[in-house]
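Quick note, the sequence shown lines up with residues 283 to 390 if you use the working numbering.
Note that beta-carbon positions come from the ideal geometry of N, C-alpha and C, so glycine has one too.
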Amino acid sequence: MAVAVSGYSFDWRATTVSDERPKQRVVVRVLNQRKEPTRVIVRLRFLGEFVDATRTPTRVVVKTHTFADPNWYWYYVSEARDNPRTELLWDFVAPPGESTWEYHYTRR
Numbered sequence: 283m284a285v286a287v288s289g290y291s292f293d294w295r296a297t298t299v300s301d302e303r304p305k306q307r308v309v310v311r312v313l314n315q316r317k318e319p320t321r322v323i324v325r326l327r328f329l330g331e332f333v334d335a336t337r338t339p340t341r342v343v344v345k346t347h348t349f350a351d352p353n354w355y356w357y358y359v360s361e362a363r364d365n366p367r368t369e370l371l372w373d374f375v376a377p378p379g380e381s382t383w384e385y386h387y388t389r390r
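Below you can see the structure in the form of structure tokens.
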């Protein structure tokens, strides 16, 4: 079983006139190399607010930061102050071959 998350691609067009934060787009690809369907759990964490996904996540967990890890670089410390830490979890049965979906999130 191989799981690959593609690189981040950015969609800088605002969804509405009042929306000033750009939507970030992430493509997730799961490759099932077995001949039978296989249960897969994909967990992704990021700094930002979840907007939507083409495959609905099984679970969405949002945590706010009161302080950042002192071992983080200064850039991530400033990002953590402004953005919640979000975790998306997909628990599904992957058919043989490739399964692809995408999700969007925003950052302050």
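Is Pro-319 buried or exposed, if buried means 16 or more other CB atoms sit within 10 Å of its CB? exposed
Report the residue from Leu-370, Ser-381 and Thr-382 whose alpha carbon sits nearest the alpha carbon of Phe-332. Leu-370
Taking the C-alpha atoms as reference points, what is the distance between Ile-323 and Phe-374? 7 Å
Just tell me which of Ala-362, Val-310, Arg-327 and Thr-340 has its CA closest to the CA of Thr-368. Arg-327
Ranges of the beta strand (DSSP E) found wholly within the region 306 to 390, counting only runs of at least 3: 320 to 329, 331 to 335, 341 to 345, 367 to 376 and 379 to 388
For Thr-346, the nearest candidate out of Thr-336, Arg-337, Thr-340 and Pro-366 (CA to CA): Pro-366
Please confirm whether Glu-384 and Val-310 have their CB atoms less than 8 Å apart. yes
Looking at Ala-376: is its Cβ nearer than 8 Å to the Cβ of Leu-329? no
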